[in-house]
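Q: Quick note on numbering that gives the first Met the number 0: the sequence shown kicks off at 0 and runs consecutively.
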Amino acid sequence: MKDILHNLKIINDRIKKACEKAGRNPGKVMLLPATKTVSAEHIRTALENGQTLIAENKVQELKEKYDELKKYPRKIIYDLIN
0 MKDILHNLKI INDRIKKACE KAGRNPGKVM LLPATKTVSA EHIRTALENG
50 QTLIAENKVQ ELKEKYDELK KYPRKIIYDL IN
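Given below as structure tokens:
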């Protein structure tokens with residue numbers, strides 16, 4: 000789980016730096032992580048640390064994870080990507 004948190008921090012720091020360089024508000028840029036082959040437990044770790052957007056590329060995988068993720072108290076925004 001530490002790897003997930005570490006990677007999210009690195010990515011969010013890079014987004015913030017890129018926004019500053021481009022003169023954009025980092026609060027207006029959102030990370031949309033693809034959760035392909037990632038367990039619901041790992042996704043929950045990301046959610047518990049501020050992530051609200053989740054992307055899947057297979058409806059079947061989202062269905063498998065949804066029952067576990069719907070228990071999470073905060074709103075989660077799901078996106079289907081190709």
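Ideal Cβ placement from N, Cα and C applies to all residues, glycine included. On a predicted model such as this, the values are computed, not experimentally measured, just so you know.
Please state the DSSP three-state secondary structure of Tyr65.
A: What you label residue 65 is simply residue 66 of the sequence shown in a count that begins at 1. Tyr65: helix per DSSP, three-state reduction.
Q: For the beta strand (DSSP E) that contains Leu52, what are its first and last residues?
A: Taking the first residue of the sequence shown as position 1, residue 52 is located at position 53. Per DSSP, Leu52 belongs to the beta strand (DSSP E) from Leu52 to Glu55.
Q: Would Pro32 pass as a contact of Gln50 if the rule is Cβ separation under 9 angstroms?
A: Translated into positions along the sequence shown, residue 32 becomes position 33. Translated into positions along the sequence shown, residue 50 becomes position 51. Their beta carbons are under 9 angstroms apart, which means Pro32 touches Gln50 by this criterion.
Q: How many whole angstroms separate the CB atoms of Glu63 and Thr34, which I take to be in contact at a CB cut-off of 8 angstroms?
A: Position 64 of the sequence shown, counting from 1, holds the residue named residue 63. Position 35 of the sequence shown, counting from 1, holds the residue named residue 34. In fact, because the Cβ distance is near 11 angstroms, the residues do not count as touching under 8 angstroms.
Q: Who are Asp78's beta bridge partners in DSSP?
A: As a working mapping, residue 78 is identified with position 79 in the sequence shown. Answer is Ala54.
Q: Are the CB atoms of Asn48 and Leu30 nearer to each other than 9 angstroms?
A: In the sequence shown, residue 48 corresponds to position 49, counting from 1. In the sequence shown, residue 30 corresponds to position 31, counting from 1. Taking 9 angstroms as the Cβ cut-off, Asn48 and Leu30 do not qualify as a contacting pair.
Q: Short of 8 angstroms in beta carbon distance, which residues of its chain neighbour Pro25, apart from the five on each side in sequence? Order them along the chain.
A: Translated into positions along the sequence shown, residue 25 becomes position 26. Result list for Pro25: Ile14, Lys15, Cys18 and Glu19, in chain order.
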